[in-house]
Ligand code: ATP
Ligand code: MG
């Protein structure tokens with residue numbers, strides 16, 4: 001008996017279609033090997049959707065996504081759409097997709113692969129063995145809090161205002177995702193806040209502590225965000241899973257990403273309470289190299305692995321893909337963005353073929 005999954009593919013713009021082709025070929029091969037049946041439906045988003053339909057997120061695309069088990073996105077955007085009004089930009093389509101699917105949890109792993117340790121901006125002995133997952137709250141906090149605006153006081157002076165707010169329910173739902181994520185990993189969870197200064201952080205910390213008894217195997221600790229930023233650069237191997245709010249997570253996930261030094265290698269997942277998750281590489285559409293068979297498809301392929309692990313609950317299939325990625329790197333295959341001494345430059349398609357060979 002085979003298990004069947006319906007996956008929506010959103011190739012998008014720039015290098016998106018090229019790297020998506022590689023990810024789909026890899027998924028198909030793993031599907032054959034593991035007796036998983038994938039049914040793929042492609043839909044337009046971003047600039048490609050603007051050109052075809054006049055809007056960056058057609059209603060039919062959102063509907064297709066909603067009806068599927070998981071959504072795999074490549075990348076959106078490009079120079080030719082940069083001057084459109086805000087509501088018509090490719091990026092607006094992505095925000096609409098996140099909102100439309102109710103994706104409140106963003107998972108961003110930062111793993112140092114031994115083969116690429118030289119790419120980090122930190123010393124190899126500091127980053128060796130780093131394997132961090134940042135779980136960021138994505139739909140609340142100061143980016144969405146009310147009141148907000150630039151207000152004019154009676155004396156005519158201007159005041160800019162934003163509000164950091166979290167409800168107990170919002171903290172609880174991201175907290176549960178984080179505990180469950182930590183449970184699938186090394187069972188160490190570090191919650192990052194600013195509870196010494198902010199009441200919103202005090203509530204955050206209290207709720208995390210209140211959830212802890214439900215996850216007795218997970219070791220929960222707390223850090224202030226300033227200290228967390230310092231520790232991430234000083235000794236990143238002390239972290240396993242980090243959970244934090246929208247603003248702190250924005251910053252910390254970029255710090256964690258830079259520990260690895262290679263944007264073409266970083267996947268991400270965005271999850272909601274129910275319904276499909278969204279899986280996409282951290283990098284953008286790289287219009288400067290689009291259509292030249294130069295793109296690194298590995299972040300896209302690793303996003304497909306995250307989809308299997310966190311979206312479809314197929315950890316074995318995910319592991320197979322991750323092992324294949326390690327193997328092609330071991331064999332010396334590199335796209336231009338991660339080229340190092342003693343390695344050979346290959347194109348996007350050749351990298352894809354190398355992955356298929358490694359899977360076999
Ligand atoms: P966005 O705003 O969508 O994040 P961006 O312009 O900030 O886009 P990217 O599109 O990620 O960033 O590109 C940044 C640089 O990294 C570009 O020079 C691009 O060519 C390179 N790059 C990004 N992704 C890849 C990839 N998968 N393979 C090779 N190079 C890449
Ligand atoms: Mg960018």
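Residue numbers (UniProt numbering): 1 to 360.
The C-beta atom is built at its ideal place from N, Cα and C for all residues, glycine as well.
Kindly indicate the opening and closing residues of the beta strand (DSSP E) around residue 75. Your numbering for residue 75 matches position 75 in the chain shown. Residue 75 -> beta strand (DSSP E) spans 70-75.
Taking 9 angstroms as the threshold (C-beta atoms), are residue 242 and residue 192 in contact? Position 192 of the chain shown holds residue 192. Position 242 of the chain shown holds residue 242. Against a cut-off of 9 angstroms, the Cβ pair of residue 242 and residue 192 comes out as a contact.
DSSP on residue 268, reduced to helix/strand/coil? Taking the first residue of the chain shown as 1, we reach residue 268 at position 268. The answer is strand: DSSP assigns residue 268 an E or B state.
Find the nearest neighbour of residue 265 within the set 318, 281, 277, 315, judged by alpha-carbon distance. Residue 265 sits at position 265 when you count from the first residue of the chain shown. Of the candidates 318, 281, 277, 315, the residue whose Cα lies closest to the Cα of residue 265 is 281.
Quick one: is the Cβ of residue 335 within less than 8 angstroms of any heavy atom of the ligand ATP? Numbered from 1 along the chain shown, position 335 holds the residue referred to as residue 335. Answer for residue 335: yes, Cβ within range of the ligand ATP.
Which residue wins for smallest C-alpha separation from residue 19, given the options 104, 315, 289? Reading the chain shown from its first residue, position 19 is the one you call residue 19. Of 104, 315, 289, the smallest CA-CA separation from residue 19 is found for 289.
Out of 199, 194, 261, state which residue places its alpha-carbon closest to the alpha-carbon of residue 228. Position 228 of the chain shown, counted from the first residue, corresponds to residue 228. In terms of Cα proximity to residue 228, the closest of 199, 194, 261 is 194.
Cβ-based burial, residue 246 [other Cβ within 10 Å; buried from 16]: Here residue 246 corresponds to residue number 246 of the chain shown, with the count starting at 1. Residue 246 should be labelled buried.
How about residue 87: is its Cβ closer than 8 angstroms to a heavy atom in the ligand ATP? Position 87 of the chain shown holds residue 87. If you check the C-beta of residue 87 against the ligand ATP, you find no heavy atom less than 8 angstroms away.
Tell me residue 88's beta-bridge partners as DSSP assigns them. Counted from its first residue, the chain shown places residue 88 at position 88. The partner list for residue 88 (beta bridge, DSSP) is empty, contrary to what the question assumes.
Any idea what DSSP makes of residue 148, helix, strand or coil? As a first step, residue 148 is located in the chain shown; it is residue number 148 there, counting from the start. Looking at residue 148 - three-state DSSP - the assignment turns out to be coil, as it is neither helix nor strand.
For residue 159, which beta-bridge partners are listed by DSSP? As a working mapping, residue 159 is identified with position 159 in the chain shown. In DSSP, residue 159 forms a bridge with 151.
Looking at the unbroken beta strand (DSSP E) that takes in residue 361, where does it start and where does it end? This structure cannot settle anything about residue 361, because the visible part of the chain is limited to 1 through 360.
Determine the burial state of residue 201: buried for a count of at least 16 other Cβ atoms within 10 Å of its Cβ, exposed for fewer. Along the chain shown, one-based indexing puts residue 201 at 201. Answer is buried; the Cβ neighbour count reaches 16.
Taking a contact to mean a Cβ-Cβ separation below 9 angstroms, would you say residue 198 touches residue 230 in this structure? Position 198 of the chain shown, counted from the first residue, corresponds to residue 198. Position 230 of the chain shown, counted from the first residue, corresponds to residue 230. Contact: no.
Separation of residue 263 from residue 256, as counted between CA atoms: On the chain shown, position 256 is the one that residue 256 refers to. On the chain shown, position 263 is the one that residue 263 refers to. So the two alpha carbons sit approximately 11 angstroms from each other.
Distance between residue 179 and residue 72 (C-alpha atoms, nearest Å): If you number the chain shown from 1, residue 72 lands on position 72. If you number the chain shown from 1, residue 179 lands on position 179. Computed Cα separation, rounded: 24 angstroms.
DSSP beta-bridge partners for residue 190? Walking along the chain shown from the start, residue 190 turns up at place 190. DSSP output for residue 190 lists 221, 242 as bridge partner(s).
To which residues of the same chain is residue 75 closer than 6 angstroms at the C-beta, ignoring the five residues directly before and after it? One-based indexing of the chain shown puts residue 75 at position 75. If we look at residue 75 and ignore the five residues flanking it on each side, its Cβ neighbours are 12, 14, 16, 284, 285.
Examine the ligand ATP and report whether any of its heavy atoms sits within less than 8 angstroms of the Cβ of residue 285. Within the chain shown, the letter at position 285 stands for residue 285. Closer than 8 angstroms to some heavy atom of the ligand ATP: that describes the Cβ of residue 285.
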